[in-house]
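Written below as structure tokens is the structure these notes are about.
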Amino acid sequence: AVCPAGDTGTVPFFYVADTAATHATQSMDLPVGASPASQLGSLDRGVLERVAPAHLIVETATVCRTIPQLLADAGLSSADVDYFQVDAEGADWGIVRGALADPSFRPRLLRFEWKHLSPSQWKEA
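In the working numbering, the protein residues as written are 1098 to 1222.
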């Protein structure tokens, strides 16, 4: 996982238990044999609460890495990134904000899902 702004080490990750079968997942185009519920996960519990009953949402800890750490692992620097796209099921703005906290990280094009932004996050963005 990519660390949202201010987080390092481990972060909570939420997923829907494999026993779930909700209307939202039944129409998904999934690989053969894949459980619909196994395809739902987010760093933001609220995203899952919109499509699955709360008692089926499982929390676990996952290791997260910052954008600079991921780039270093790949032998790249911030200057090598021209296009940066984030689709993280509600955690987009935290990841973008964390990436842009590094003054050297300035991709030419930045794309992220903004529909989950609160009014205060809109102002910050």
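Beta carbons: idealized from backbone N, C-alpha and C, even for Gly.
*Mapping DSSP to helix, strand and coil, what is Val1144?*
On the sequence shown, position 47 is the one that residue 1144 refers to. Of the three classes helix, strand and coil, the one that applies to Val1144 here is helix, per DSSP.
*Test item: CB-CB of Val1193 and Ala1222 under 9 angstroms*: The residue labelled residue 1193 in the question sits at position 96 within the sequence shown. The residue labelled residue 1222 in the question sits at position 125 within the sequence shown. Yes.
*Contact set for Asp1184: own chain, Cβ-Cβ below 8 angstroms, skip 5 residues either direction*: In the sequence shown, residue 1184 corresponds to position 87, counting from 1. Phe1209, Glu1210, listed in sequence order.
*What are the residues that DSSP puts in a beta bridge with Thr1159?*
Indexing the sequence shown from 1 puts residue 1159 at position 62. DSSP, once it has assigned bridges, lists Val1108 as partnering Thr1159.
*How about the stretch 1167-1176 and the stretch 1135-1143: do they share at least three Cβ pairs that are nearer than 8 angstroms?*
Between the stretch 1167-1176 and the stretch 1135-1143, the count of Cβ pairs shorter than 8 angstroms is below three; the stretches do not touch.
*Among the residues of its own chain, which have a CB less than 7 angstroms from the CB of Thr1119, if the five just before and after it don't count?*
The residue given as residue 1119 occupies position 22 in the sequence shown. In this predicted model, Thr1119 has a pLDDT of only 45, less than 50, meaning its place in the structure is not dependable; the value taken from the coordinates is given anyway. Contacts found: Val1148, Ala1149.
*By how many angstroms is the C-alpha of Phe1202 removed from the C-alpha of Thr1107?*
Numbered from its first residue, the sequence shown carries residue 1107 at position 10. Numbered from its first residue, the sequence shown carries residue 1202 at position 105. Computed Cα separation, rounded: 23 angstroms.
*asked:* Within a Cβ cutoff of 7 angstroms, which residues of the same chain sit near Val1113, ignoring the five residues on either side of it in sequence?
replied: Within the sequence shown, the letter at position 16 stands for residue 1113. Correct list, in chain order: Ala1134, Leu1137, Leu1145, Ala1149, Leu1153, Ile1154.
*asked:* Buried or exposed for Ala1196, going by 16 or more other Cβ atoms inside 10 Å?
replied: The residue labelled residue 1196 in the question sits at position 99 within the sequence shown. Flag for Ala1196 reads buried.
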